[in-house]
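Contents: one structure, followed by commentary.
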Amino acid sequence: MPAKSPAYRLGIDLGGTKIHAVVIDRKGRILGHARTATKGERGYAKVVERVARTAVQALDEADVRTKDVKVCGIGAPGPVDAARGIMHMAPNLGWAQKPLARDLGKVLGLRVALGNDVNCGALGEVAHGAAQGVDSAVAAFVGTGLGGGIVVGGTVVNGAHGYGGEIGHIPSPFGDALCGCGQRGCLETVASKTGVVRMINEAVAKGVKAKIPLDGVLKSSAIIQALADGCPATKPAIDRLVEALAWGLCTIGNVVDPEVYILGGGLAEALGKPLLPRIAAQMAETSVLYRRQAPKLVLARLGDDAVAVGAAVASGTAA
6 MPAKSPAYRL GIDLGGTKIH AVVIDRKGRI LGHARTATKG ERGYAKVVER VARTAVQALD
66 EADVRTKDVK VCGIGAPGPV DAARGIMHMA PNLGWAQKPL ARDLGKVLGL RVALGNDVNC
126 GALGEVAHGA AQGVDSAVAA FVGTGLGGGI VVGGTVVNGA HGYGGEIGHI PSPFGDALCG
186 CGQRGCLETV ASKTGVVRMI NEAVAKGVKA KIPLDGVLKS SAIIQALADG CPATKPAIDR
246 LVEALAWGLC TIGNVVDPEV YILGGGLAEA LGKPLLPRIA AQMAETSVLY RRQAPKLVLA
306 RLGDDAVAVG AAVASGTAA
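Residue numbering for the sequence shown follows the working numbering, beginning at 6 and increasing consecutively.
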């Protein structure tokens, strides 16, 4: 008889700027949560301590003992070796080849299940979010970059080397702009907020008038406002994003054929529901797979909780 999954699950989202921990029950209800700044400049060991303290704070708020969760799940940036619990690299933290599962486990006194943060976000949406109940899903999180995750049979597709679902780094036919990974022409260089800002700046450099502030960090809300104001530099950039994202989803879809596509991330969620039919129509033009039956697309529902909830779900399967 299979072992019963724990009644409580602990999940952590380790980001470049924040640490977010949640405790959930089997139905995905959040019983306790805690947040703190990552402060990566203090070094790896100090961050591990901060992660552990944040986890304990979430447990305390939920009135759950450490021994009652058995396994802690954590979603971390960059490719990971889930089997060995190693972060291969996290450029935003300046880390490489860190045995995070082992080191965090020693501090917490728990076994730790490590996963990629975007994959955890996809799992969270399938288990307790916008795609609850489906067997297969492809998630694209459109924010500063473009992250992706694939879930089949309720399990994340990590791949042999931890790169499963890296939709943002598919070589694309949408130009040869330099990507943060060092390659040129990655899908992320167009289908992301960074890509949209680049395309707006390129249009302005060619003499196109922009109804958008170009000094400082450009927020998703400013892009949406410029789009609503009819900014002649912003609309073509968003049109290009839609075309590129649809192409990327079709590329993955032709291999996975998922029940549903989940769109999340700051920019996608700011664009909102009107984005979905535009992408679906573009996907129908791009792939024969969707000419007879439109793809099902949903907006992510868990927001900032997605990664931590997904990590908690993964901890339950590892218990």
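No residue lacks a Cβ here, since even glycine has one placed at the ideal position from N, Cα and C.
For the options ARG296, SER225, VAL261, the alpha carbon positioned closest to that of GLY169 is the one of VAL261. Between the segment 252-270 and the segment 134-143 there are three or more inter-stretch CB-CB distances shorter than 8 Å, so the stretches are counted as touching. Three or more Cβ pairs closer than 8 Å define a contact, and the segment 119-133 meets that threshold against the segment 147-165. Between the segment 112-125 and the segment 16-35 there are three or more inter-stretch CB-CB distances shorter than 8 Å, so the stretches are counted as touching. DSSP, read as helix, strand or coil, puts TYR49 in helix.
Classified as exposed, VAL222 has fewer than 16 neighbouring CB atoms from the shown chains inside 10 Å of its CB. In this structure, GLY45 sits away from GLY80, with a CB-CB distance that is not shorter than 7 Å.
Ranked by Cα distance from GLY114, the first of SER141, ALA95, GLU54 is GLU54. Per DSSP, the continuous beta strand (DSSP E) segment holding ARG14 begins and ends at 13-19. If you compare the alpha carbons of ASP30, ALA67, ARG116, GLY33 with that of ALA39, the shortest gap goes to ALA67.
Uninterrupted beta strand (DSSP E) stretches at least 3 residues long and entirely within the segment 234-317 occur at 265-269, 302-304, given in chain order. Each residue's CA atom was taken as its position, placing LEU307 and VAL314 some 8 Å apart. When DSSP states are grouped into helix, strand and coil, ILE228 belongs to the helix group. When DSSP states are grouped into helix, strand and coil, THR160 belongs to the strand group. Distance from the CA atom of ARG116 to the CA atom of THR239, rounded to whole angstroms, is 47 Å.
Bounds of the alpha helix (DSSP H) holding ARG107 are 105-113. Proximity of the segment 235-254 to the segment 197-213 meets the contact definition, three or more beta-carbon pairs being nearer than 8 Å.
Residue pairing by DSSP places LEU119 opposite ILE79 in a beta bridge. Residue LEU302 holds the alpha-carbon nearest to the alpha-carbon of ALA144 among VAL195, VAL61, GLY37, LEU302. Burial state of ALA233 is exposed, judged by a 10 Å Cβ sphere holding fewer than 16 other Cβ atoms.
Between GLY180 and GLY190, the alpha-carbon positions lie close to 6 Å from each other.
Distance from THR149 to SER226 at the Cβ level is roughly 14 Å; contact not present, criterion being Cβ atoms closer than 8 Å. Taken atom to atom, the span from the alpha-carbon of PRO84 to that of TYR49 is near 17 Å.
Of the other Cβ atoms in all chains shown, fewer than 16 fall within 10 Å of the Cβ of LEU219; this residue is therefore exposed. With a minimum length of 3 residues, the unbroken runs of beta strand (DSSP E) contained wholly in the segment 128-154 fall at 141-147.
By the beta-carbon neighbour count (other beta carbons within 10 angstroms, threshold 16), GLN287 is buried.
Around the beta carbon of PRO178, a 10 Å sphere encloses fewer than 16 other beta carbons of the protein chains shown; the residue is thus reported as exposed.
Nearest in C-alpha terms to GLY21, of all of GLY269, GLU171, VAL28, PRO82, is PRO82. Only buried fits THR199, as 16 or more other CB atoms lie within 10 angstroms of its CB. Under the DSSP assignment, GLY200 falls in the alpha helix (DSSP H) whose first and last residues are 198-210.
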